[in-house]
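**Q** Got a structure here, written out as structure tokens. Questions coming.
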Amino acid sequence: MRVNFTVNGRPQEADDVWEGESLLYVLRERMGLPGSKNACEQGECGSCTVRLDGVPVCSCLVAAGQAEGREVVTVEGLADYAQHREDAHPGGACGTGGCGTGLDEAKRWQAKPAQDSQTGEGIELSPIQQAFIDAGAVQCGFCTPGLLVAADEMLERNPSPTDADIREALSGNLCRCTGYEKILDAVRLAAARQERQGEAV
Amino acid sequence: MAQNTRTAPVGTPTDVTQNHVKGGIGESTLRPDGTLKVTGEFAYSSDMWHEDMLWGQILRSTVAHAEIVSIDTTEALTMDGVYAVLTHEDLPAAKNYGMEFQDTPVLAYGKVRHHGEPVALVAADHPETARRAAAKIKVEYRELPVITDEASALAPDAILVHENRDDHHSGHVPHPNIVHRQPIIRGNADEAAERADVIVKGEYTFGMQDQAFLGPESGLAVPAEDGGVDLYVATQWLHSDLKQIAPCLGLPEEKVRMTMAGVGGAFGGREDISMQILASILALRTGKPVKMVYNRYESFFGHVHRHPAKLYYEHGATKDGKLTHMKCKIVLDGGAYASSTASVVGNASSLSVGPYVIDDVEIEAIGLYTNNPPCGAMRGFGAVQACFAYEAQMDKLAAKLGMDPVELRQLNAMEQGTIMPTGQVVDSPAPVAELLRRVKARPMPPERQWETAGEGADVRALPGGLSNTSHGEGVVRGVGYAVGIKNVGFSEGFDDYSTAKIRIEVINGEAVATVHTAMAEVGQGGVTIHAQIARTELGVQQVTIHPADTQVGSAGSTSAGRQTYMTGGAIKNSCELVREKVLEIGRRKFGSYHPAWANAELLLEGGKVVTDGGEALASIADVLENEVVEIEEEWRHRPTQAFDLVTGQGDGHVQYAFAAHRAVVEVDTELGLVKVIELACAQDVGKAVNPLSVVGQIQGGTTQGLGVAVMEEIIVDPKTAKVRNPSFTDYLIPTILDTPTIPVDYLELADPNAPYGVRGIGEAPTLSSTPAVLAAIRAATGLELNKTPVRPEALTGTL
């Protein structure tokens, strides 16, 4: 079957999709967007978390056909989504359709070098992405994309979360490396920075 | 020649690590792969993609112990989209592999020995086609009785798991179902026991833990024009894999070119081969690139686990608290194949006393062959199980003596100069008493944190959390302590070395260093530290970390807390040699201009050659101009010895690491639910090369210890030896709600024998975390609790 949907603000169509394929499989193997991770593929670990019409879901549990006509945001589009949050939400990462990764581009996906990995100089990162780097919340990083999408969505809903709020919001995302302390630090840091930015505006 | 045939797939790590990190030794430099990891662009092994690639799928045995009567692949072969269906008959060369013993079949032949053993192999154009084809393969089994424990393994008429052993331990073990036995006898435990005023005995059971790394076993094998294969895979030790893979493919090692793909955690679970050989065989057979990715269910069968153990301990002490003697027997279940069981046995026995001074000991550790899932390396490697038992014994002894449990430990704590039960002198700092003091001195977390002003209880802070099972009634608090000792690096005479190739050249007018090693970055942050070392040693700002591959010598395994010590040491050593070369060139070019070139101690700093007085003589760029200096050298730590097979004596270990924990828990005694409130750690790290990473490693290790204390266990049916819970639904690892705050206090007491004084970090916190939580639960409930994990039924008496 053919599935038409929007990924990171860009309309996409996937052909020859088998009915049983998950949204996760289509994103990773057909769209060339491997940022959403395949850790358990049964909705237990949260590594494949994406936003479907703004709502965080485990993309491994969404049949690809269910995404028909809908808006998907993956970790690859997170920075862009955060930048356009005000005008794009709900239901679209990019109002103009000019953002995100095009299909041809996506299929040629390569792991690219960063210009300066420390500061993210030259690369637009969302506040939560930057905070994960700064707080040391990334170790092996396999859980990171899902945690980022979930944390970003929580901060959108709840800009000043308590620790209990953060723990509750991220309880569906397993991490085996960090012991979660630095993930908490990162979310607190992102919230604080956003608050400061808000005050400045 | 080899390079010419190489075909790089999309997502090759070649691009990944050309990032620049700033900061030298001792700074909290950020990860060079951080940006790629937060943007989803980091290429993990399961992200590899190649035009025209096929998907590999394994058919695994549904029974634990059986003769294979027949395998029928006819129907699978006729399916559309299927390119190959293989059994052991199709294997090109050696049929077995293994790290220490070559006892593991690539694909089962004759027999299967555990549930989930690979039996057949499929390659197809879609993963679902491959799965369906595998399901069409018909295997007829004739089931055999299963060996699942010490009694069934060592019964006089026991079936042998491996009938014809000829490994290096088979000659001395008392029974062929014992992989290895290591006694340690020092002093006279029986005589010393007569001096004891109190004696405590205990039997402890440690459950089977899984590494549960998040990135599944996966990789991509690409057939090459020269008949070889290029393999992109997540592993802990490329060269160990290579040694095992090449004979099974019937290829010389130079035709198996391995590149490290992004690793999603390891914790010991990637030390053994998983899909490497199978994907390569499929690629060579079909002539197409083959990707293999285990799903989570398969991952539970696809790697070895932590050895479950039974531990029998006896300790004695005088009434003033001095330990008189210790006797113990440790039985580790190695499962169907040896993996690293023999080394785990060596560790468990040599570290069974813990970080205490006891002159008279009688120790025996054995590792069994059974039909349970194979067990091998996991963070803590044999020391974890022992720590669980000896720390429970310390509490028991303290209770019997009416002493404070921390004081008892401090009274008997080892220190620099202590003699281990193996006769080895501990010749670097061993701040055991101090670590305990630090966790004890920390302020306690406030009581009844769930109480909120005027609004009743915040149930999220209570045991049971959001399930709203309690509002504080029946909740009791307990506090527990533990401390542990772990060896660092490979022991018992193993030729443990690492290799580093360092290059320095001028690019765009600036001196740039490249660090090329085969070290597996599994998340621990080695790539960060390697650049810090090169930057410090060579005085350059720009350092590129070359992707890890087999085009450079072995770095050894990313395990045993050894990589900062070993590959860090290799980089330091190679950098020093590079520095000498640079200075040689400088002397040649500029030596006549300034006497300091000949007379002074010269350093490389801030891109310049400087004297020890701080005078800059020339920029490194001017010294080098178009010259390139490149050196590849192996580097070794001081040698160790094998333990004597009768007495266990020998200088077997390189270095020791120490960590202590204080756990504060709250238990809902009605429902048997545990909430860990705080799990504070104090650890000696020798030198914190990167403080941010140090704390992250300690918190991560602590959490894995917490997991095994209260929830983690692979459950194997004792009647059938089948695994009951191979999923994240049923095998539970701690979530952010299960994990408390983990304050970390680290000491930096340099080990004079280690580069920069470093001490392995990643493993020690996994040891003491578990017994500290158990001690706290015992303190809260008054129950004995001699088994991990503590399940609700053990707390409510409904077992």
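Chains as they are written, first to last, in our numbering: chain A, 1 to 201; chain B, 202 to 1000.
Virtual Cβ for every residue (Gly too), placed ideally from N, Cα, C.
Using a 10 Å radius around the Cβ and a threshold of 16 neighbouring Cβ atoms, would you call Leu667(B) buried or exposed?
**A** For the purposes of this step, residue 667(B) is taken as the residue at position 466 of the second sequence. Looking at its Cβ environment, which holds fewer than 16 other Cβ atoms inside 10 Å, Leu667(B) is exposed.
**Q** From the DSSP output, which residues share a beta bridge with Leu948(B)?
**A** Counting from one through the second sequence, the residue named residue 948(B) turns up at place 747. Answer is Asp885(B).
**Q** With a cut-off of 9 Å, does the C-beta of Ser36(A) fall near any C-beta of chain D?
**A** Protein chains A and B are contained in the structure displayed, whereas chain D is not.
**Q** Which same chain residues end up closer than 7 Å to Val753(B) when comparing Cβ atoms and leaving out the 5 residues on each side of it in sequence?
**A** Mapped onto the second sequence, residue 753(B) falls at position 552. So the list reads Thr700, Lys702, His717, Thr718, Ala719, Glu833, once near-sequence residues are dropped.
**Q** Counting only the same chain and skipping the five closest in sequence on each side, list residues whose C-beta sits under 8 Å from that of Leu345(B).
**A** Locating residue 345(B) in the second sequence gives position 144, counting from the first residue. These residues qualify, in order along the chain: His266, Ala267, Glu268, Lys312, Ile360.
**Q** Is the segment 445 to 454 of chain B touching the segment 473 to 489 of chain B, taking contact as three or more C-beta pairs under 8 Å?
**A** A contact exists between the segment 445 to 454 of chain B and the segment 473 to 489 of chain B.
**Q** Determine the direct distance from the alpha carbon of Val959(B) to that of Gln900(B), and round the result to whole angstroms.
**A** Translated into the one-based positions of the second sequence, residue 900(B) becomes position 699. Translated into the one-based positions of the second sequence, residue 959(B) becomes position 758. Near 18 Å, if we compare the C-alpha coordinates of Val959(B) and Gln900(B).
**Q** State buried or exposed for Asp696(B), treating a residue as buried only when at least 16 other CB atoms are found within 10 Å of its CB.
**A** The sequence position of residue 696(B) within the second sequence is 495, counting from 1. The residue in question, Asp696(B), is exposed, as its Cβ has fewer than 16 Cβ neighbours within 10 Å.
**Q** For the beta strand (DSSP E) containing Cys58(A), name the first residue and the last one.
**A** Within the first sequence, numbered from 1, the residue matching residue 58(A) stands at position 58. It spans 55 to 58 - the beta strand (DSSP E) in which Cys58(A) sits, taken as one unbroken run.
**Q** Is Gln900(B) close to chain A, meaning its C-beta is less than 9 Å from at least one C-beta of that chain?
**A** Counting from 1 along the second sequence, the entry for residue 900(B) is found at position 699. Closer than 9 Å to some Cβ of chain A, the Cβ of Gln900(B) qualifies, so yes.
**Q** Using the Cβ count rule (16 or more neighbours within 10 Å means buried), how would you classify His747(B)?
**A** Here residue 747(B) refers to the residue found at position 546 of the second sequence. Its Cβ being crowded by 16 or more others within 10 Å, His747(B) is buried.
**Q** For a contact defined as C-beta to C-beta under 7 Å, what are the partners of Lys238(B) on chain A?
**A** The residue you call residue 238(B) lines up with position 37 of the second sequence. Simply Val138, Gly141, Thr144.
**Q** Which value, in whole angstroms, describes the spacing of the CA atoms of Lys687(B) and Ala484(B)?
**A** On the second sequence, position 486 is the one that residue 687(B) refers to. On the second sequence, position 283 is the one that residue 484(B) refers to. Approximately 41 Å, taken between the alpha carbons.
**Q** Since Ile934(B) and Arg167(A) should fall inside the 8 Å C-beta cutoff, what is the C-beta to C-beta distance between them, to a whole number of angstroms?
**A** For the purposes of this step, residue 934(B) is identified with residue 733 of the second sequence, where counting begins at 1. For the purposes of this step, residue 167(A) is identified with residue 167 of the first sequence, where counting begins at 1. Not quite, the Cβ-Cβ distance comes to about 16 Å (not below 8 Å), so this is no contact.
**Q** Which complete alpha helix (DSSP H) runs does the segment 708 to 760 of chain B hold, if anything under 4 residues is left out?
**A** List check, alpha helix (DSSP H) in window: 727 to 739.
**Q** Going straight from the alpha carbon of Glu785(B) to that of Asp431(B), what length do you get?
**A** To locate residue 785(B), count along the second sequence from 1; it is residue 584. To locate residue 431(B), count along the second sequence from 1; it is residue 230. Approximately 39 Å between the Cα atoms of the pair.
**Q** Strictly under 9 Å for the Cβ-Cβ distance: is Asp134(A) near chain B by that measure?
**A** Position 134 of the first sequence, counting from 1, holds the residue named residue 134(A). Yes - at least one Cβ of chain B is within 9 Å of the one on Asp134(A).
**Q** Report the neighbours of Pro417(B) on chain A: residues whose CB is nearer than 8 Å to its CB, in chain order.
**A** On the second sequence, residue 417(B) is found 216 positions in, with the first residue counted as 1. Correct list: Asn38, Ala39.
**Q** I need the boundaries of the beta strand (DSSP E) containing Pro424(B), first residue and last residue.
**A** Residue numbering aside, residue 424(B) sits at position 223 when the second sequence is read from its first letter. Residues 419 to 424.
**Q** Among Val974(B), Met527(B), Arg471(B), whose alpha-carbon lies nearest the alpha-carbon of Phe502(B)?
**A** Start at 1 with the first residue of the second sequence, and residue 502(B) comes out as number 301. Per the Cα distances, Arg471(B).
**Q** At a CB-CB cut-off below 7 Å, which residues of chain B make contact with Arg176(A)?
**A** Residue 176(A) sits at position 176 when you count from the first residue of the first sequence. In chain order: Ala413, Phe414, Leu415, Gly466, Ile934.
**Q** Do Arg979(B) and Leu986(B) come within 9 Å of each other at the CB atom, strictly closer than that value?
**A** Counted from its first residue, the second sequence places residue 986(B) at position 785. Counted from its first residue, the second sequence places residue 979(B) at position 778. Contact: yes.
**Q** Under the three-state reduction of DSSP, which class applies to Gly685(B): helix, strand or coil?
**A** On the second sequence, residue 685(B) is found 484 positions in, with the first residue counted as 1. In the structure shown, Gly685(B) sits in a strand (DSSP, three-state: E or B).
**Q** In the DSSP output, which residue or residues are listed as bridge partners for Arg458(B)?
**A** Within the second sequence, residue 458(B) is the residue found at index 257, counting from 1. The partner list for Arg458(B) (beta bridge, DSSP) reads Asp431(B).
**Q** What separation, rounded to the nearest whole angstrom, lies between the Cα atoms of Asp185(A) and Gln742(B)?
**A** Residue mapping note: residue 185(A) aligns to position 185 of the first sequence, counting from 1. Residue mapping note: residue 742(B) aligns to position 541 of the second sequence, counting from 1. Approximately 29 Å, taken between the alpha carbons.
**Q** How should Lys489(B) be labelled, buried or exposed, when 16 other C-beta atoms within 10 angstroms of its C-beta is the threshold for buried?
**A** By one-based count along the second sequence, residue 489(B) stands at place 288. Its Cβ being crowded by 16 or more others within 10 Å, Lys489(B) is buried.
**Q** Give the DSSP-derived three-state secondary structure of Glu515(B) in the structure shown.
**A** One-based indexing of the second sequence puts residue 515(B) at position 314. Residue state, collapsed to three classes: strand.
**Q** Beta-carbon of Phe582(B) versus every beta-carbon of chain A: anything under 9 Å?
**A** On the second sequence, position 381 is the one that residue 582(B) refers to. Chain A, which has no Cβ nearer than 9 Å to the Cβ of Phe582(B), makes this no.
**Q** Does the beta carbon of Gln905(B) sit closer than 9 Å to a beta carbon anywhere in chain A?
**A** Counting from 1 along the second sequence, the entry for residue 905(B) is found at position 704. Interface residue, yes.
**Q** With distances taken from CA atoms, which of Phe844(B), Arg610(B), Ala861(B), Met254(B) is nearest Val423(B)?
**A** Within the second sequence, residue 423(B) is the residue found at index 222, counting from 1. Nearest C-alpha to Val423(B): Met254(B).
**Q** Report yes or no: do the segment 378 to 389 of chain B and the segment 562 to 573 of chain B share at least 3 C-beta pairs separated by less than 8 Å?
**A** Enough Cβ pairs lie closer than 8 Å, so yes.
**Q** Output needed in chain order: residues of the segment 472 to 496 of chain B with a Cβ under 8 Å from some Cβ in chain A.
**A** Flagged, chain order: Val494, Asn496.
**Q** In angstroms, rounded to a whole number, what distance separates the CA positions of Arg396(B) and Leu602(B)?
**A** As a first step, residue 396(B) is located in the second sequence; it is residue number 195 there, counting from the start. As a first step, residue 602(B) is located in the second sequence; it is residue number 401 there, counting from the start. Each residue's alpha carbon lies about 15 Å from the other.
**Q** Which residue spans inside the segment 795 to 864 of chain B form an unbroken beta strand (DSSP E) run of at least 3?
**A** The segment 795 to 864 of chain B contains these whole beta strand (DSSP E) runs: 803 to 806, 809 to 812, 817 to 820, 830 to 837.
**Q** Going along chain B, which residues have a C-beta under 9 Å from Glu19(A)?
**A** Residue numbering aside, residue 19(A) sits at position 19 when the first sequence is read from its first letter. What Glu19(A) touches in chain B: nothing, since even the nearest Cβ is about 10 Å away.
**Q** At a Cβ threshold of 9 Å, is Arg736(B) touching chain A?
**A** Your numbering for residue 736(B) matches position 535 in the second sequence. It does not; no Cβ of chain A falls within 9 Å.
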